[in-house]
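All letters in the sequence shown, in the order written, are residues 0 to 285 by our numbering.
Below is one structure, written out as structure tokens; the observations come after it.
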Amino acid sequence: MKLIHDLAELRALRAAWRSAGESVGLVPTMGNLHAGHLSLVEQIQPQTDRVVVTIFVNPLQFAPGEDFEQYPRTLDEDLAKLAALDPDVVFAPSVEAMYPAGYPIATQVAVEPLVNRYCGEFRAGHFTGAATVVTILFNLVQPELAIFGEKDYQQLLIFRRMAADLHMPVRIVSGATVREANGLAMSSRNRYLSQAQRDQAATLRRVLLATGRALLAGRRDFDVLESDGLRQLTDAGFEPQYLKIATPTLDSPSVDAADFVVLAAAVLGSARLIDNITLQDPALRA
Ligand code: PAF
Numbered sequence: 000m001k002l003i004h005d006l007a008e009l010r011a012l013r014a015a016w017r018s019a020g021e022s023v024g025l026v027p028t029m030g031n032l033h034a035g036h037l038s039l040v041e042q043i044q045p046q047t048d049r050v051v052v053t054i055f056v057n058p059l060q061f062a063p064g065e066d067f068e069q070y071p072r073t074l075d076e077d078l079a080k081l082a083a084l085d086p087d088v089v090f091a092p093s094v095e096a097m098y099p100a101g102y103p104i105a106t107q108v109a110v111e112p113l114v115n116r117y118c119g120e121f122r123a124g125h126f127t128g129a130a131t132v133v134t135i136l137f138n139l140v141q142p143e144l145a146i147f148g149e150k151d152y153q154q155l156l157i158f159r160r161m162a163a164d165l166h167m168p169v170r171i172v173s174g175a176t177v178r179e180a181n182g183l184a185m186s187s188r189n190r191y192l193s194q195a196q197r198d199q200a201a202t203l204r205r206v207l208l209a210t211g212r213a214l215l216a217g218r219r220d221f222d223v224l225e226s227d228g229l230r231q232l233t234d235a236g237f238e239p240q241y242l243k244i245a246t247p248t249l250d251s252p253s254v255d256a257a258d259f260v261v262l263a264a265a266v267l268g269s270a271r272l273i274d275n276i277t278l279q280d281p282a283l284r285a
């Protein structure tokens, strides 16, 4: 496992792998790695000859007033966790290396209208910042395969649409959300929660499960299901931002639809938590 900070060194290594006919898998992260990230590395490793994990807290995807300064930067701990999996490269560039022409940069990748919906309504510029940095990472690493977590369902769809629209020569796959024993989706932002709040936070999953079960049972009164879910979150001490039922492609659902995703974002203490459920989730049938 080689730690690289320098873009030129990464490019040289990528060129050598290309000459040797080796394929590359990319796992983009912002660090502060948890079991969810590690599962993405494990999932991609058997699929490509080489694996690059990137660790970069991307300023472009934090809206004004968000937690860019406080976001946990734990490179040494991250490297210790990755050592057991031994990816070929951990690429951890500086902001100056990633945005050499100055920050903010002039060119941004906006996948509209999806960037403005759901989380996008509450996080101005977030998805455009994320799509822009992922485009830069794709250009630098030139992976055949890239993997993203399904907890960030909207982000995953945005990246897939971006890659399709811009003919990016990369296949995007996803990894299942990894959860704490109580159902809370693993997230680097969970470290903002106290132990009591972590217990409380599991309600987000319970509300999504209840909504998913209602849809599976044939309920199609989407507005009522959404407002019930929001009320349950408020009663449990969250400040919910949204809870929405959508089609798997994140359009408004019709009552004739058979497949759905339910997405929610809610603030608990100083953590903004997101989660989602699809009707394929095995827990709905448990
Ligand atoms: O999901 C994340 O951690 C980030 O949005 C990503 C994909 C690493 C881009 O900065």
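For each residue, glycine too, the CB sits at the ideal point set by N, CA and C.
Using only the heavy atoms of the ligand PAF, determine whether one of them is closer than 7 Å to the beta carbon of N57.
Sequence index remark: in the sequence shown, residue 57 carries index 58 (1-based). Because some heavy atom of the ligand PAF lies under 7 Å away, the Cβ of N57 counts as near it: yes.
Sequence-distant residues of its chain with Cβ nearer than 6 Å to H36 (five each side left out)
Taking the sequence shown and counting its residues from 1, one reaches residue 36 at position 37. So the list reads T28, once near-sequence residues are dropped.
Any non-hydrogen atom of the ligand PAF closer than 7 Å to P27 Cβ
Taking the sequence shown and counting its residues from 1, the one referred to as residue 27 is at position 28. Yes, the beta carbon of P27 sits closer than 7 Å to at least one heavy atom of the ligand PAF.
Can A282 and D274 be called in contact, C-beta distance under 8 Å?
If you number the sequence shown from 1, residue 282 lands on position 283. If you number the sequence shown from 1, residue 274 lands on position 275. Cβ atoms of A282 and D274: not closer than 8 Å.
Extent of the continuous alpha helix (DSSP H) run through Q231:
For the purposes of this step, residue 231 is taken as residue 232 along the sequence shown, with counting starting at 1. Residues 221-234.
Could you say which of Y152, K150, R116, H166 lies nearest to N138 if we only look at CA atoms?
For the purposes of this step, residue 138 is identified with residue 139 of the sequence shown, where counting begins at 1. Measuring from the Cα of N138, the nearest candidate turns out to be H166.
Between the C-alpha atoms of A78 and V254, what's the straight-line distance to the nearest angstrom?
Position 79 of the sequence shown, counted from the start, is the residue given in the question as residue 78. Position 255 of the sequence shown, counted from the start, is the residue given in the question as residue 254. Reading the sequence as shown, one finds Leu at residue 78 and not Ala. Those two C-alpha atoms are separated by around 48 Å.
So, are the CB atoms of A184 and L267 less than 8 Å apart?
Taking the sequence shown and counting its residues from 1, the one referred to as residue 184 is at position 185. Taking the sequence shown and counting its residues from 1, the one referred to as residue 267 is at position 268. No, Cβ-Cβ distance for A184 and L267 is not below 8 Å.
Does the beta-carbon of D151, which I'm using as the reference point, lie nearer than 7 Å to any heavy atom of the ligand PAF?
Within the sequence shown, residue 151 is the residue found at index 152, counting from 1. Flag set: Cβ of D151 near the ligand PAF.
Pull up the CB-CB distance for G30 and V56, whole angstroms please, since I reckon it's below 8 Å.
Position 31 of the sequence shown, counted from the start, is the residue given in the question as residue 30. Position 57 of the sequence shown, counted from the start, is the residue given in the question as residue 56. So it is a contact: roughly 6 Å between Cβ atoms.
Since R170 and E149 are thought to touch, with beta carbons under 8 Å apart, how far apart are those beta carbons, to the nearest angstrom?
If you number the sequence shown from 1, residue 170 lands on position 171. If you number the sequence shown from 1, residue 149 lands on position 150. Going by Cβ atoms, the distance from R170 to E149 rounds to 16 Å, so no, they are not a contact pair.
Taking a contact to mean a Cβ-Cβ separation below 8 Å, would you say V88 touches I157 in this structure?
Taking the first residue of the sequence shown as position 1, residue 88 is located at position 89. Taking the first residue of the sequence shown as position 1, residue 157 is located at position 158. No. Outside cutoff.
Residue burial classification, T202 (beta-carbon count within 10 angstroms, cutoff 16)
Here residue 202 refers to the residue found at position 203 when the sequence shown is read from its first residue. By the 10 Å Cβ count, T202 comes out buried.
For H125 and L278, what's the separation of their Cα atoms in angstroms?
In the sequence shown, the residue the question calls residue 125 occupies position 126. In the sequence shown, the residue the question calls residue 278 occupies position 279. Cα-Cα distance, rounded: 27 Å.
May I ask which residues mark the beginning and end of the beta strand (DSSP E) holding L144?
Walking along the sequence shown from the start, residue 144 turns up at place 145. Looking at the DSSP string, the run of the beta strand (DSSP E) that includes L144 is 144-148.
Would you mind stating whether V23 and V52 have Cβ atoms separated by less than 8 Å?
For the purposes of this step, residue 23 is identified with residue 24 of the sequence shown, where counting begins at 1. For the purposes of this step, residue 52 is identified with residue 53 of the sequence shown, where counting begins at 1. The answer is no: Cβ separation not under 8 Å.
Neighbour-count burial assignment, R122, 16 or more Cβ in a 10 Å radius:
Taking the first residue of the sequence shown as 1, we reach residue 122 at position 123. Buried.
Less than 8 Å between the beta carbons of V206 and G228, yes or no?
By one-based count along the sequence shown, residue 206 stands at place 207. By one-based count along the sequence shown, residue 228 stands at place 229. Yes, Cβ-Cβ distance for V206 and G228 is below 8 Å.
Is the beta carbon of A295 less than 8 Å from the beta carbon of N189?
Here the chain covers residues 0 to 285 and nothing more, so residue 295 does not appear.
Mapping the DSSP letters down to three states, classify F67 as helix, strand or coil.
Your numbering for residue 67 matches position 68 in the sequence shown. Of the three classes helix, strand and coil, the one that applies to F67 here is coil, per DSSP.
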